[in-house]
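*Asks:*
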Amino acid sequence: MKIYEELVARGLIAQVTDEPEIKELINNGKAKFYIGFDPTADSLHVGHFMALCLMKRLQMAGNQPVVLLGGGTGYIGDPSGRTDMRSMMSPETIQHNCDCFKKQMERFIDFEGENAAIVVNNADWLLKLNYIEVLREVGSCFSVNNMLRAECYKQRMERGLSFLEFNYMIMQSYDFYYLFKNYGCNMQFGGDDQWSNMLGGTELIRKKLGKDAYAMTITLLMNSEGKKMGKTAKGAVWLDPNKTSPFEFYQYWRNVDDADVLKCIRMLTFIPVEEIDQMNSWEGEELNKAKDLLAYELTALVHGKEEAQKAKEASIALFSGVGDDSNMPSTEIRPSDLTDGAVSILDLLTICGLAKSKSEGRRLIQQGGVSVEGKKVEGPEEMITAEALKSGVKIKKGKKVFHRALLAE
RNA sequence: GGAUGGUUUCCCGAGUGGCCAAAGGGGACAGACUGUAAAUCUGCUGGCAACGCCUUCGGUGGUUCGAAUCCACCACCAUCCA
Numbered sequence: 311m312k313i314y315e316e317l318v319a320r321g322l323i324a325q326v327t328d329e330p331e332i333k334e335l336i337n338n339g340k341a342k343f344y345i346g347f348d349p350t351a352d353s354l355h356v357g358h359f360m361a362l363c364l365m366k367r368l369q370m371a372g373n374q375p376v377v378l379l380g381g382g383t384g385y386i387g388d389p390s391g392r393t394d395m396r397s398m399m400s401p402e403t404i405q406h407n408c409d410c411f412k413k414q415m416e417r418f419i420d421f422e423g424e425n426a427a428i429v430v431n432n433a434d435w436l437l438k439l440n441y442i443e444v445l446r447e448v449g450s451c452f453s454v455n456n457m458l459r460a461e462c463y464k465q466r467m468e469r470g471l472s473f474l475e476f477n478y479m480i481m482q483s484y485d486f487y488y489l490f491k492n493y494g495c496n497m498q499f500g501g502d503d504q505w506s507n508m509l510g511g512t513e514l515i516r517k518k519l520g521k522d523a524y525a526m527t528i529t530l531l532m533n534s535e536g537k538k539m540g541k542t543a544k545g546a547v548w549l550d551p552n553k554t555s556p557f558e559f560y561q562y563w564r565n566v567d568d569a570d571v572l573k574c575i576r577m578l579t580f581i582p583v584e585e586i587d588q589m590n591s592w593e594g595e596e597l598n599k600a601k602d603l604l605a606y607e608l609t610a611l612v613h614g615k616e617e618a619q620k621a622k623e624a625s626i627a628l629f630s631g632v633g634d635d636s637n638m639p640s641t642e643i644r645p646s647d648l649t650d651g652a653v654s655i656l657d658l659l660t661i662c663g664l665a666k667s668k669s670e671g672r673r674l675i676q677q678g679g680v681s682v683e684g685k686k687v688e689g690p691e692e693m694i695t696a697e698a699l700k701s702g703v704k705i706k707k708g709k710k711v712f713h714r715a716l717l718a719e
């Protein structure tokens, strides 16, 4: 199976500008493609991960990836698919985020060897553009009528769109044009929400240079309810282990909906398509096996095999009660937190971050949601002794949250 | 620049002087059922030394025994007119 066919089989391709041509290019390793990453945070998240995997797959097929860091576009903020304006970032933040991105990417993409990936930053050319020049050179190629029709602005036409954000499409188009001209970059990939921005680029290249460039979008990873995946109540699922621990990361994937497991395995892992097809017949409880696999594979890709193994073992130990369960998240209790050699369970919950306030902790206990070392906590006054804390105390909140409290020496 | 409407707790949204920590819905969280799933049902959802007290209804002042509610100014948003 060639790479293009594989991408189709995995359900990764959403839209393409010219299918035969793109197939020909990437199947034969003739594409030099770029994906843009705007430095909106100090860590990559699952959405970026998909894009990076795509880069990896294409790189393995002999194509050359160009990573575009949005050090310049970050000053503007992409309005696509958003209901409100992004908060503006300071130059320092943008720079810091770019640096973080770069570091994380090195894990996934090869920056050495034959099709070595290269990194460019659009701050290098966007920041020194001259307004009038751009208007004359580039602005003249865009029809406002067409732009307003673009899907990515639809939502914002109701709630308001600033001129700043409206220009994002032009900047992204200019990027493609610039990379085409100066780096021979003939293709752009991106999330499906980028489609209009990407078309802007191919049109600009056609108008300015009379040449064809191609664009392809990746299916956005949606769950069966039509919501973007990779988000939790607390925010994104990050790739940075300090922001989302490998254990949490593992648990996120372990807990996806039945309806979404196979789709995720297909789109996110490198498991051969044939093997995945065999799982199509799995149903009910059997799907738990697929979830285990998904969680392990992804954690291994992002955090390495060792961390994945630890997360897996911790999960098995915690949920089935056998094996080593020492790898759960833990908090050190300082001696100063104790009074008369003990802490109340209520205080312990807040110290460990399992409850935001004592009221919340009380509520949890009242509703029977807290247990210590497997025994349900009956009341908020229950005390945990320093003696017990010395060897570590296992606290369970709700069904899935496990935490160890350990007395610091 | 002008007119009008708006800004309420995580989100949407009711409340137009005391009965308001503020209806209702969503989400989140917890319990039951389960497969670490979904659906369903139940509870719960500002804080604290907790039948009481404290902080909250865009911001700042004011009127009043008493303000989310009335007044003034400011800020922001939306729609229409320029």
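In this note's numbering, the protein residues as written are 311 to 719.
The beta-carbon is built from N, C-alpha and C at its ideal position, and this holds for glycine as well.
1) With distances taken from CA atoms, which of Ser-646, Gly-494, Thr-579 is nearest Ala-718?
2) Out of Val-653, Glu-416, Ser-654, Asn-492, which has the shortest C-alpha to C-alpha gap to Leu-549?
3) With a threshold of 16 other CB atoms inside 10 Å of the CB of Asp-434, please say whether the residue is buried or exposed.
4) Taking its Cβ as the centre, do 16 or more other Cβ atoms sit within 10 Å of Gln-504, making it buried, or is it exposed?
5) Excluding the five sequence neighbours on either side, which residues of its own chain have a C-beta within less than 7 Å of the C-beta of Ser-390, listed in chain order?
6) Note down the Cα distance separating Ala-715 from Ile-313, rounded to an integer number of angstroms.
7) When you compare the CB positions of Pro-401 and Leu-379, do they come within less than 8 Å of one another, or not?
8) Nearest-angstrom Cα distance between Trp-677 and Phe-347?
9) Just mark Asn-407 as buried or exposed, buried being the case when its beta carbon has 16 or more other beta carbons within 10 Å.
10) For my contact list, Ser-654 and Glu-692 are in at a C-beta cut-off of 8 Å; report their separation, rounded to the angstrom.
11) Would Leu-690 and His-613 qualify as a contact pair, given that the criterion is a beta-carbon distance under 8 Å?
12) Using 8 Å as the threshold, is the stretch 472 to 488 in touch with the stretch 331 to 342, meaning 3 or more CB pairs across them?
13) By Cβ distance, which residues of its chain are closer than 7 Å to Arg-320, with the 5 residues on each side in sequence left out?
14) Comparing C-alpha positions only, which one of Ser-630, Ala-624, Leu-628, Asn-565 sits nearest to Lys-601?
15) Within the continuous alpha helix (DSSP H) that includes Arg-392, where are the two ends?
16) Helix, strand or coil: which one does DSSP assign to Arg-714?
17) Using DSSP with H/G/I as helix, E/B as strand and the rest coil, what is Phe-476?
18) Is any non-hydrogen atom of the ligand SAH found closer than 7 Å to the C-beta of Ala-610, if you look at the structure I gave you?
19) When we look at the beta-carbon of Tyr-441 and count the other beta-carbons within 10 Å, is it buried (16 or more) or exposed?
20) With DSSP run on the structure shown, which of helix, strand or coil describes Val-612?
21) Cα-Cα, which of Gly-545, Leu-471, Ile-515 is closest to Leu-489?
22) Given a cut-off of 8 Å on the beta-carbon distance, is the pair Leu-364 and Ile-528 in contact?
23) With Phe-418 as the anchor, note down where its alpha helix (DSSP H) starts and where it stops.
24) Could you check the C-alpha separation between Gly-387 and Lys-342 for me, to the nearest Å?
25) According to DSSP, Ala-426 sits in a beta bridge with which residue or residues?
26) Where do the N-terminal and C-terminal ends of the alpha helix (DSSP H) with Leu-378 fall, by residue?
27) Do you know offhand how far Ile-586's Cα is from Glu-595's?
28) Can you tell me the Cα-Cα spacing of Met-398 and Tyr-606, whole angstroms?
29) Would DSSP call Ile-345 helix, strand or coil?
30) Could you check what DSSP says for Lys-686 in three-state terms: helix, strand or coil?
31) Using a threshold of 8 Å, state whether the C-beta atoms of Tyr-524 and Met-481 are closer than that.
32) Only counting the same chain, and skipping five residues up and downstream in sequence, which positions put a Cβ closer than 6 Å to that of Phe-559?
33) Taking 8 Å as the threshold, find out whether the stretch 617 to 631 comes into contact with the stretch 420 to 429 through three or more Cβ pairs.
34) Taking the alpha-carbon positions, what's the Gly-470 to Arg-459 distance?
35) Can you tell me whether DSSP reads Asn-431 as helix, strand or coil?
36) With a cut-off of 8 Å on the beta carbons, I'd call Ile-705 and Leu-648 a contact; round off their distance for me.
*Replies:* The answer reads as follows:
1) Against the first sequence, residue 718 aligns to sequence position 408. With distances taken between Cα atoms, Ala-718 lies closest to Ser-646.
2) For the purposes of this step, residue 549 is taken as residue 239 along the first sequence, with counting starting at 1. Here the closest residue by C-alpha is Glu-416.
3) Start at 1 with the first residue of the first sequence, and residue 434 comes out as number 124. With fewer than 16 other Cβ atoms within 10 Å, it is exposed.
4) Numbered from its first residue, the first sequence carries residue 504 at position 194. Gln-504 should be labelled buried.
5) The count along the first sequence starts at 1 and reaches residue 390 at position 80. The answer, listed in chain order, is Cys-462, Asp-503, Gln-504, Asn-507.
6) Here the question's residue 715 lines up with position 405 in the first sequence. Here the question's residue 313 lines up with position 3 in the first sequence. So the two alpha carbons sit approximately 49 Å from each other.
7) Counting from one through the first sequence, the residue named residue 401 turns up at place 91. Counting from one through the first sequence, the residue named residue 379 turns up at place 69. Against a cut-off of 8 Å, the Cβ pair of Leu-379 and Pro-401 comes out as no contact.
8) Taking the first residue of the first sequence as position 1, residue 677 is located at position 367. Taking the first residue of the first sequence as position 1, residue 347 is located at position 37. Sequence check: residue 677 is Gln here, not Trp. In a straight line, the C-alpha of Gln-677 is about 44 Å away from that of Phe-347.
9) Looking up residue 407 in the first sequence gives position 97. By the neighbour-count rule (16 or more Cβ atoms within 10 Å), Asn-407 is buried.
10) In the first sequence, the residue the question calls residue 654 occupies position 344. In the first sequence, the residue the question calls residue 692 occupies position 382. Approximately 7 Å separates the beta-carbon atoms of Ser-654 and Glu-692; this is inside 8 Å, confirming the contact.
11) On the first sequence, position 380 is the one that residue 690 refers to. On the first sequence, position 303 is the one that residue 613 refers to. Residue identity differs from the one stated: residue 690 is Pro in this sequence, not Leu. Not a contact, by the Cβ cut-off of 8 Å.
12) Using a Cβ-Cβ distance cut-off of 8 Å, the stretch 472 to 488 and the stretch 331 to 342 are not in contact, since fewer than three pairs of beta carbons, one from each stretch, lie closer than that value.
13) The count along the first sequence starts at 1 and reaches residue 320 at position 10. Correct list, in chain order: Arg-576, Met-577, Val-583.
14) What you label residue 601 is simply residue 291 of the first sequence in a count that begins at 1. Considering only Ser-630, Ala-624, Leu-628, Asn-565, the residue with the shortest C-alpha distance to Lys-601 is Asn-565.
15) If you number the first sequence from 1, residue 392 lands on position 82. From DSSP, Arg-392 is part of no alpha helix (DSSP H); its letter is neither H nor E.
16) In the first sequence, residue 714 corresponds to position 404, counting from 1. Residue state, collapsed to three classes: strand.
17) For this step, residue 476 is matched to residue 166 along the first sequence. Under the three-state reduction of DSSP, Phe-476 is assigned to helix.
18) No copy of the ligand SAH appears in this structure; indeed no ligand is present at all.
19) Here residue 441 refers to the residue found at position 131 when the first sequence is read from its first residue. Tyr-441 should be labelled exposed.
20) For the purposes of this step, residue 612 is taken as residue 302 along the first sequence, with counting starting at 1. Reduced to three states, the DSSP call for Val-612 is helix.
21) Here residue 489 refers to the residue found at position 179 when the first sequence is read from its first residue. When each option's Cα is compared against that of Leu-489, the closest is Ile-515.
22) To locate residue 364, count along the first sequence from 1; it is residue 54. To locate residue 528, count along the first sequence from 1; it is residue 218. Yes. Within cutoff.
23) Along the first sequence, read from residue 1 onward, the residue named residue 418 stands at position 108. For Phe-418, there is no enclosing alpha helix (DSSP H), as DSSP marks it with neither H nor E.
24) Here residue 387 is taken as the residue at index 77 of the first sequence, counted from 1. Here residue 342 is taken as the residue at index 32 of the first sequence, counted from 1. In a straight line, the C-alpha of Gly-387 is about 26 Å away from that of Lys-342.
25) Within the first sequence, the letter at position 116 stands for residue 426. Answer is none; Ala-426 lacks a bridge partner.
26) Counted from its first residue, the first sequence places residue 378 at position 68. Residue range 374 to 379 is occupied by the beta strand (DSSP E) that includes Leu-378, with no alpha helix (DSSP H) assigned at that position.
27) Here residue 586 refers to the residue found at position 276 when the first sequence is read from its first residue. Here residue 595 refers to the residue found at position 285 when the first sequence is read from its first residue. Distance between the alpha carbons of Ile-586 and Glu-595 is about 17 Å.
28) Stepping through the first sequence from its first residue, residue 398 is reached at position 88. Stepping through the first sequence from its first residue, residue 606 is reached at position 296. Each residue's Cα considered, the two are about 37 Å apart.
29) Working through the first sequence from its first residue, we reach residue 345 at position 35. Strand at Ile-345.
30) Walking along the first sequence from the start, residue 686 turns up at place 376. DSSP places Lys-686 in strand when its eight states are reduced to three.
31) Working through the first sequence from its first residue, we reach residue 524 at position 214. Working through the first sequence from its first residue, we reach residue 481 at position 171. No, the Cβ-Cβ distance between Tyr-524 and Met-481 is not below 8 Å.
32) As a working mapping, residue 559 is identified with position 249 in the first sequence. Around Phe-559: Thr-609.
33) The stretch 617 to 631 makes no contact with the stretch 420 to 429, as fewer than three CB pairs between them are under 8 Å.
34) If you number the first sequence from 1, residue 470 lands on position 160. If you number the first sequence from 1, residue 459 lands on position 149. Straight-line spacing of the CA atoms in Gly-470 and Arg-459 works out to 15 Å.
35) Here residue 431 refers to the residue found at position 121 of the first sequence. If DSSP states are grouped into helix, strand and coil, Asn-431 belongs with the strands.
36) Residue mapping note: residue 705 aligns to position 395 of the first sequence, counting from 1. Residue mapping note: residue 648 aligns to position 338 of the first sequence, counting from 1. The beta-carbon separation of Ile-705 and Leu-648, rounded to 16 Å, does not stay under the 8 Å limit for a contact.
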